[in-house]
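Student:
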Amino acid sequence: MYWLAAHFPMLGFEVQRSDEDADRPVVLIHDNRVCQADERALQAGIALGSTLATAHSIAPKLVHFPYDTELQAKQLEVLAQATYRFSSEVSLTPPDALLIESSRSLRLFGGREALRRAVSQLYARLGHAHRLATAATPMAALILSRAGLGDHPGEAMVNVRAAPLAAMDLSEKELERLANMGMTKVGQLLDLPMGELGKRFNVELVDALDRLTGRRADPRETIAPAERFHSRLHLLEPIRGKDPLLFPMRRLADELSRWLKARCLGTRTLIWSYAPFADQAVTLDVRFAQPRTDAKSFLSLTQLQLDRAELPEEVMTVSLQAGQITPLTPASQDLLALADDRGNTSQSELVDRLAAKLGTGAIAGLGIADDHRPELAWRWQAPSERRRTEAPPESATEANRPLWLLDPPRPVNVKRFRLLDGPERIDVGWWEDDARALERDYFVAVAQSGTRCWLYRDRERRWYLHGYFS
Amino acid sequence: MSVNTALEAPWQSGIDGLWRARELPRHQAADAGISTGFPALDDALVDHGWPPGGLVELLSEDYGIGELRLLSPALATLSSTDDRCIAWVNPPHLPYAPALQAVGIDPARVLLVNANDHAEALWALEQTCKSGACCAVLGWLPEPKQRFTEIRRLQFAAKQGRTWANLFRPIGASGEASAAELRLSLGYLSEDRLNVDIVKRRGGWPLRGIELPLSVGPTQRRQRLSEALGRWRRKRFSAPPG
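Protein chains in written order, with this note's numbering: chain A, 712 to 1181; chain B, 7 to 248.
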């Protein structure tokens, strides 16, 4: 057995941090206390376990995120799927480590060192700090990678003995008891007689030590590779024009549809690719608002995009790949509405259809945001989210707001308007940077044409038209 | 008893089942329209409201004179009774979500579609009408002139999808023939009143000069309140002590 453990010490930061705060200290917060801190934060003097307020007062430029186990678990799963190319036995060790049993992959990848380099390169390319370690048992590999001793020369078991006990999967209480007995290294624990240890501690500790040394088997649950669909059709003769292409496309769409239905899955993206005899293939991405399974809608939505796409003159190979495959829970249908003769397109179908022809940017939904600034009191929202807007606070509905908003506001000459009502002072956002803070006096006014308008005067006493009441 | 009254009596007492040409035909309850929220307008329409499936043309000189306040009571009703979405195709400005919420239209129901050109806008309008996934569609087209067949297609699509479709067009189009179910010409009277001329309606002649009161915003309510307060003060303090 040859176990390779990969530990991602910064995973919690890497899933949350964006590029713009790359050079600021970052901490993760759990229960309003710092539970992880990056190197910059530690250098600034932030201790683990200190409160968020303390941390912010130590380092004013600090960025903090909630400690999100779900997000980490998802990313770990992604990493595990990516690692699957090296071995068929990859197992997750939440929250931040992977185990790879790679004894059967060594020859394929050209030996231990080469395999290790390749794995390391993969993680570096995905943008994750990592520590690798190898050992004969999974526990030993994990301890070494967590303790960062994976690169030490010499026998793995010798290095494990030097690792701190905190790298083992022990509970806080056990760690404290052991520390009170003067035990800080794994080696010290291994030197104790097992029988005595079992009497004083619980059986799990002895069990863990047995698994560490290999006296006891340590089976791990391996991940199943994600389902994929990729099918291609080589044509006997090149096809010119878009209409004849529909025949091979229909075959592929049918195949995908059957494949999805058999597995109770749906897909949200289709990637078609049309390759000429020698040149680069042209790909076409079709996206759906909801996961779909039926070949008919695959084709009809693809066709709308195909009309706009430029294809190679002669297509020799058509291939279809399904992305974002998700388990499908078919929506229940209304028993009585079956006989309804109304156009039976659902909203998501309409959205897909419009998006396929006009582009995804052309379709949007509206939502309400809780802010006093008129520009920030609403937001775009994906049209397929059919959640009801919660009732806004009373003050929001009381205020007189125009039905049409001009975005951006248009500078106007106030002499051409008759002011009806106002001012309504909106002075908010001073806690943010200058661009987003505003200090405005809003007026309801009537233009010469009789249109009711929403005007405002800014700090420099310039007037702007911001909306029509219509 | 004069001859005149004797002659008028059968008309005025109203004989059951007698239909007069100036009345609208009796509608069936099954296809009753969406109430406009304005009794004066409801009475003039054959469905007693906006057509639940059909195209309405709204002709006006300028956008912003109150056309949204004319539609908003019906849109508010639909957003609480119908679970389909309300599509806005190619609107001239941005529909402001807090204001929609304030008049009772659920912003989550709004589907905004922006088309690049006239042909795409027409296509999007037809798709939204035909699909049956929208209870109401509001459309603005980039080009003022439309061919008769285009309007007819929209009317047909709205009927098919049982969608209340609204198309906003410039007033110059009122002379053209149109296949729309209902054509209204909107005119500005004052900030809170709108004049509606019915250019074409199903089951009736054109009708001119329907005046509709538009909903007053909270500002005007405040104004009226302060005026009432002023009147009360004057009365109270100028009244002779008694």
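For glycine and all other residues, C-beta sits at the position ideal for the given N, C-alpha and C. Predicted, not measured: the structure shown is a model, and the values here were computed from it.
Within 8 Å (strictly less), CB to CB, does residue 1157 of chain A reach chain B?
Tutor: To locate residue 1157 of chain A, count along the first sequence from 1; it is residue 446. Closer than 8 Å to some Cβ of chain B, the Cβ of residue 1157 of chain A qualifies, so yes.
Student: Could you tell me whether any Cβ in chain A is nearer than 8 Å to the Cβ of residue 71 of chain B?
Tutor: As a first step, residue 71 of chain B is located in the second sequence; it is residue number 65 there, counting from the start. Interface residue, yes.
Student: If we define contact as Cβ-Cβ less than 8 Å, is residue 132 of chain B a contact residue for chain A?
Tutor: Residue mapping note: residue 132 of chain B aligns to position 126 of the second sequence, counting from 1. Cβ-Cβ to chain A under 8 Å: no for residue 132 of chain B.
Student: Suppose you measure from the CA of residue 1005 of chain A to the CA of residue 965 of chain A; what does that come to, to the nearest Å?
Tutor: Translated into the one-based positions of the first sequence, residue 1005 of chain A becomes position 294. Translated into the one-based positions of the first sequence, residue 965 of chain A becomes position 254. Each residue's Cα considered, the two are about 8 Å apart.
Student: Per DSSP, which residues does residue 118 of chain B bridge with? Please list them.
Tutor: Counting from 1 along the second sequence, the entry for residue 118 of chain B is found at position 112. DSSP, once it has assigned bridges, lists A:1075, B:94 as partnering residue 118 of chain B.
Student: By the three-class DSSP mapping on this structure, what secondary structure does residue 940 of chain A have?
Tutor: For the purposes of this step, residue 940 of chain A is identified with residue 229 of the first sequence, where counting begins at 1. Residue state, collapsed to three classes: strand.
Student: Cutting at 6 Å between CB atoms, please list the residues of its own chain near residue 1175 of chain A, excluding the five before and the five after it.
Tutor: Translated into the one-based positions of the first sequence, residue 1175 of chain A becomes position 464. Within the same chain, residue 1175 of chain A has close Cβ partners 1120, 1122, 1167.
Student: Do the segment 769-779 of chain A and the segment 735-749 of chain A touch if we need at least three Cβ pairs shorter than 8 Å?
Tutor: Flag = yes, the segment 769-779 of chain A and the segment 735-749 of chain A touch.
Student: Got a sec: which bits of the segment 108-121 of chain B sit with their beta carbon under 8 Å from any beta carbon on chain A, in order along the chain?
Tutor: Those would be 108, 109, 112, 113, 114, 116, 117, 118, 119, 120, 121, in chain order.
Student: Over what stretch of residues does the beta strand (DSSP E) that includes residue 1027 of chain A continue unbroken?
Tutor: Within the first sequence, residue 1027 of chain A is the residue found at index 316, counting from 1. Residue 1027 of chain A -> beta strand (DSSP E) spans 1026-1038.
Student: Is there contact here, the segment 44-59 of chain B with the segment 1080-1096 of chain A, by at least three beta-carbon pairs under 8 Å?
Tutor: They do not touch, by the three-pair rule.
Student: Which whole-angstrom value describes the C-beta separation of residue 1010 of chain A and residue 1063 of chain A, a residue pair presumed to lie in contact below a C-beta threshold of 8 Å?
Tutor: Your numbering for residue 1010 of chain A matches position 299 in the first sequence. Your numbering for residue 1063 of chain A matches position 352 in the first sequence. About 12 Å; that fails the 8 Å criterion.
Student: Thinking C-alpha only, which one of A:991, A:980, A:995 is nearest residue 1001 of chain A?
Tutor: For the purposes of this step, residue 1001 of chain A is identified with residue 290 of the first sequence, where counting begins at 1. Of A:991, A:980, A:995, the residue nearest in Cα terms is A:980.
Student: Taking Cβ-Cβ distances shorter than 9 Å, what residues in chain B pair up with residue 735 of chain A?
Tutor: If you number the first sequence from 1, residue 735 of chain A lands on position 24. Under the 9 Å cutoff, chain B gives no residues; its nearest Cβ is about 34 Å from residue 735 of chain A.
Student: Out of A:906, A:877, A:943, A:931, which has the shortest C-alpha to C-alpha gap to residue 1032 of chain A?
Tutor: Taking the first residue of the first sequence as 1, we reach residue 1032 of chain A at position 321. For the residues A:906, A:877, A:943, A:931, the minimum Cα distance to residue 1032 of chain A belongs to A:943.
Student: Residues in its own chain within less than 7 Å of residue 139 of chain B by CB, not counting five upstream and five downstream?
Tutor: In the second sequence, residue 139 of chain B corresponds to position 133, counting from 1. Taken in chain order, the residues that qualify are 90, 91.
Student: Since residue 978 of chain A sits in a beta bridge, which residues does DSSP pair it with?
Tutor: As a first step, residue 978 of chain A is located in the first sequence; it is residue number 267 there, counting from the start. Beta-bridge pairing links residue 978 of chain A to A:1003, A:1036.
Student: Taking the alpha-carbon of residue 220 of chain B as reference, which of B:46, B:183, B:40 has the nearest alpha-carbon?
Tutor: Taking the second sequence and counting its residues from 1, the one referred to as residue 220 of chain B is at position 214. Closest by alpha carbon: B:46.
Student: Under 8 Å, with one C-beta from each stretch per pair, do the segment 80-99 of chain B and the segment 116-125 of chain B reach the 3-pair mark?
Tutor: The answer is yes - the segment 116-125 of chain B touches the segment 80-99 of chain B, with three or more Cβ pairs under 8 Å.
Student: Measuring straight from C-alpha to C-alpha, what distance separates residue 1125 of chain A and residue 1131 of chain A?
Tutor: As a first step, residue 1125 of chain A must be located in the first sequence, where it is residue number 414. As a first step, residue 1131 of chain A must be located in the first sequence, where it is residue number 420. If I take the Cα positions, the gap works out to 12 Å.
Student: CB residue 872 of chain A to CB residue 893 of chain A, shorter than 8 Å?
Tutor: For the purposes of this step, residue 872 of chain A is taken as the residue at position 161 of the first sequence. For the purposes of this step, residue 893 of chain A is taken as the residue at position 182 of the first sequence. Not in contact: residue 872 of chain A and residue 893 of chain A (Cβ atoms no closer than 8 Å).
Student: What is the DSSP secondary structure of residue 201 of chain B, reduced to helix, strand or coil?
Tutor: Here residue 201 of chain B is taken as the residue at index 195 of the second sequence, counted from 1. Residue 201 of chain B: strand per DSSP, three-state reduction.
Student: For residue 762 of chain A, list the residues DSSP reports as bridge partners.
Tutor: Mapped onto the first sequence, residue 762 of chain A falls at position 51. A:744, per the DSSP bridge assignment.
Student: Buried or exposed: residue 75 of chain B, going by 16 or more other Cβ atoms within 10 Å of its Cβ?
Tutor: The residue labelled residue 75 of chain B in the question sits at position 69 within the second sequence. Classification for residue 75 of chain B: buried.
Student: Under 8 Å by Cβ, that's how I've got residue 829 of chain A and residue 714 of chain A pegged, so tell me the actual separation to the nearest angstrom.
Tutor: Residue 829 of chain A sits at position 118 when you count from the first residue of the first sequence. Residue 714 of chain A sits at position 3 when you count from the first residue of the first sequence. Rounded, the Cβ-Cβ distance is 16 Å, inconsistent with contact.
Student: Residues in its own chain within less than 8 Å of residue 1108 of chain A by CB, not counting five upstream and five downstream?
Tutor: Within the first sequence, the letter at position 397 stands for residue 1108 of chain A. Note that residue 1108 of chain A scores a pLDDT of 49, beneath 50, so its modelled location is shaky; the value from the coordinates is reported in the next line. Counting only Cβ-Cβ distances below 8 Å, and skipping sequence neighbours, we find nothing.
Student: Check whether the segment 792-806 of chain A touches the segment 745-760 of chain A, counting contact only when three or more Cβ pairs, one atom from each stretch, lie closer than 8 Å.
Tutor: Because the criterion of three Cβ pairs below 8 Å is not met, the segment 792-806 of chain A and the segment 745-760 of chain A do not touch.
Student: Could you tell me whether any Cβ in chain B is nearer than 8 Å to the Cβ of residue 1074 of chain A?
Tutor: Here residue 1074 of chain A refers to the residue found at position 363 when the first sequence is read from its first residue. For residue 1074 of chain A, the answer is yes, since a Cβ of chain B falls inside 8 Å of its Cβ.
Student: Out of B:243, B:168, B:199, which one is the CA nearest neighbour of residue 39 of chain B?
Tutor: Position 33 of the second sequence holds residue 39 of chain B. Ranking B:243, B:168, B:199 by Cα distance to residue 39 of chain B puts B:168 first.
Student: Counting only beta-carbon atoms, is residue 657 of chain A nearer than 8 Å to chain B?
Tutor: Nothing about residue 657 of chain A can be reported from this structure: the residues present for chain A run from 712 to 1181 only.
Student: Ordered along the chain, which non-local residues of its own chain (more than five positions away) have a Cβ less than 8 Å from that of residue 244 of chain B?
Tutor: For this step, residue 244 of chain B is matched to residue 238 along the second sequence. Result list for residue 244 of chain B: empty, nothing under 8 Å.
Student: Within a Cβ cutoff of 6 Å, which residues of the same chain sit near residue 239 of chain B, ignoring the five residues on either side of it in sequence?
Tutor: Along the second sequence, read from residue 1 onward, the residue named residue 239 of chain B stands at position 233. Hits under 6 Å: none found.
Student: So is residue 1140 of chain A in contact with chain B if we call contact Cβ pairs under 8 Å?
Tutor: The residue labelled residue 1140 of chain A in the question sits at position 429 within the first sequence. No - not a single Cβ of chain B is within 8 Å of the one on residue 1140 of chain A.
Student: Can you name the start and end residues of the beta strand (DSSP E) that residue 1178 of chain A belongs to?
Tutor: Here the question's residue 1178 of chain A lines up with position 467 in the first sequence. Segment 1174-1179, the beta strand (DSSP E) holding residue 1178 of chain A.
Student: Run through the DSSP bridge pairs and tell me what residue 683 of chain A is partnered with.
Tutor: The structure shown does not extend to residue 683 of chain A, since chain A is modelled only from 712 to 1181, so the question has no answer here.
Student: Residues bridged to residue 1062 of chain A by DSSP?
Tutor: Taking the first sequence and counting its residues from 1, the one referred to as residue 1062 of chain A is at position 351. None, per the DSSP bridge assignment.
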